[in-house]
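Worksheet: one structure, shown below.
Residue numbers (this note's numbering), protein chains in the order written: chain A, 37 to 186; chain B, 97 to 242.
Now the structure itself:
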C-alpha cells in the first residue's frame, strides 16, 4: 500500500495545521511503519538558561507531546480527535544547547478508546536526554476527555 | 540584572519578575507573575495546538506547569543555580480554551537535593483545573550564611 499520501497529510498536519508547531518550527523529520520522528530547530527564543543557552524543558515537553500525538495518528490512520490524558517526561541528561532536537515516538498499544505511547528526545547521533510516556483518549470529538463536575 | 541577582531577588522578596525576564522561553510563551504565588500564561495565537476547538497545545500547559514549579522553588528558598527538572508528570483534565491560563504550585517536600511540587493550572476557576502536575526538581540550595 502506498504510504506517501498518509505521510504527506501527517507532515501537513504537523507543520501547518498546529499554530504552536509553526511558532516553534516543528516539522516531521522521518516516519516508518511504527515510529514517527519530529524535529525542533534550535532557536534563541527557546532557551531556558541564559548562562548556558540550554533549551528550556518546556520546549522539549512540547516536542515530545507532539511526537506522541503524531505516533497515534500514524497508527490510527484516521483523523479522529484525540486528547492527551497524561504525559510523563523524564529528563535523563543534559539538554542540548544550540542544536536541533529530534523526538521519536511509538504508539505501542491502541485500544478502542485509549492509545499508549512512548517517546525519546536526542540530538542527531546522540543518546536520549529525555524520555516520555503518554496516554491519549481517542475519538473525543472535540469534547473534554474527563467528566464535567456536577 | 544578572541571573544570579534575579535568583537572589526571587528568594529574598518572592518577586520572580526579573527571573521571568531573564528566561527567553518564558518570554516567548508569555508567562508573567500574577501575584500571591500565582502565574499567568497570557493567551496568544501561537499557543494554539488544536485550531478546530480551539484549544491550547498540551505542551504549552506542560511547559507552564514545569516553569511554575521551578519559579515556586526559587521563590521559596535561596538557590545557587537554576534547578533541573528530573521528572514532570502532567494530568490533562479539561481542554484548555483559547484564553489566559493561571497556575500555582505548592512545595510538597523541600529536600537538600530534591524538591517535590504539585502544580495546578486553571482558566475560569481554580477549583476546576485544566491540568495538574507533579514535578521533581534537582535543587542546588545556596550556602546559608549566618
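For each residue, glycine too, the CB sits at the ideal point set by N, CA and C. Note that the structure is a prediction, hence the values are computed from the model and not measured.
* Start-end ranges of the beta strand (DSSP E) lying completely within the stretch 136-219 of chain B, minimum 3 residues -> For the stretch 136-219 of chain B, whole beta strand (DSSP E) runs of length 3 or above, ordered along the chain, are 144-146, 180-188, 197-206 and 210-218.
Problem - Touch test, the stretch 183-203 of chain B against the stretch 131-150 of chain B, Cβ-Cβ under 8 Å, three pairs minimum - result: yes
Which residue or residues does DSSP assign as beta-bridge partners of residue 122(A)?
For this step, residue 122(A) is matched to residue 86 along the first chain. According to DSSP, which records beta bridges pairwise, residue 122(A) is partnered with 171(A) and 187(B).
According to the neighbour-count rule (16 or more other Cβ atoms, all chains shown, within 10 Å of its Cβ), is residue 101(A) buried or exposed? Here residue 101(A) corresponds to residue number 65 of the first chain, with the count starting at 1. Buried, by the Cβ-count rule.
Using CA coordinates, which residue listed in 109(B), 124(B), 113(B) and 119(B) is at the minimum distance from residue 56(A)? For the purposes of this step, residue 56(A) is identified with residue 20 of the first chain, where counting begins at 1. With distances taken between Cα atoms, residue 56(A) lies closest to 124(B).
Item to check | Reference residue 44(A), options 96(A), 110(A), 140(A) and 95(A), closest by Cα | outcome: Taking the first chain and counting its residues from 1, one reaches residue 44(A) at position 8. Among 96(A), 110(A), 140(A) and 95(A), the Cα nearest to that of residue 44(A) is on 110(A).
Which bits of chain A does residue 238(B) rub up against, with CB to CB less than 7 Å? For the purposes of this step, residue 238(B) is taken as the residue at position 142 of the second chain. Here the premise fails: no neighbours, minimum Cβ distance about 16 Å.
Here's the rule I'm using: 16 or more other beta-carbon atoms within 10 Å means buried, otherwise exposed. How should residue 109(B) be labelled? The count along the second chain starts at 1 and reaches residue 109(B) at position 13. Exposed: under 16 other Cβ atoms inside 10 Å.
Worksheet item: How is the beta strand (DSSP E) around residue 127(B) delimited, first residue to last?
Response: For the purposes of this step, residue 127(B) is taken as residue 31 along the second chain, with counting starting at 1. Its beta strand (DSSP E) spans residues 127-131.
Taking residue 151(A) as the reference, which of 162(A), 90(A) and 170(A) has the closest Cα?
Counting from one through the first chain, the residue named residue 151(A) turns up at place 115. The shortest C-alpha separation from residue 151(A) is found at 170(A).
For residue 232(B), three-class secondary structure by DSSP: Here residue 232(B) refers to the residue found at position 136 of the second chain. In the structure shown, the three-state DSSP call for residue 232(B) is strand.
Exercise for the section: Could you say which of 189(B), 221(B), 172(B) and 215(B) lies nearest to residue 207(B) if we only look at CA atoms? Expected result: Here residue 207(B) corresponds to residue number 111 of the second chain, with the count starting at 1. Taking only the C-alpha atoms, the option nearest residue 207(B) is 172(B).
Checking contacts by CB at 8 Å: is residue 101(A) closer than that to chain B? Position 65 of the first chain, counted from the start, is the residue given in the question as residue 101(A). Yes, because at least one Cβ of chain B sits closer than 8 Å to the Cβ of residue 101(A).
Determine whether the Cβ of residue 216(B) lies closer than 8 Å to any Cβ atom of chain A.
-> Stepping through the second chain from its first residue, residue 216(B) is reached at position 120. Closer than 8 Å: no.
Same chain, Cβ closer than 6 Å to residue 54(A), five either side skipped, listed in chain order:
For this step, residue 54(A) is matched to residue 18 along the first chain. Closer than 6 Å at the Cβ level, and outside the excluded window around residue 54(A), lies no residue.
(request) Measuring alpha carbon to alpha carbon, tell me which of 157(B), 176(B), 177(B) and 204(B) ends up nearest residue 187(B). (result) Taking the second chain and counting its residues from 1, one reaches residue 187(B) at position 91. That would be 157(B), whose Cα lies nearest to the Cα of residue 187(B).
Reducing DSSP to helix, strand and coil, say where residue 75(A) ends up. The count along the first chain starts at 1 and reaches residue 75(A) at position 39. DSSP places residue 75(A) in strand when its eight states are reduced to three.
Checklist entry - Is the CB of residue 145(B) under 8 Å away from at least one CB in chain A? => result Translated into the one-based positions of the second chain, residue 145(B) becomes position 49. Taking Cβ atoms only, chain A reaches closer than 8 Å to residue 145(B), which makes this a yes.
- Query: Rounded to a whole number of angstroms, what is the C-alpha to C-alpha distance between residue 87(A) and residue 217(B)?
  - Reply: In the first chain, the residue the question calls residue 87(A) occupies position 51. In the second chain, the residue the question calls residue 217(B) occupies position 121. Computed Cα separation, rounded: 29 Å.
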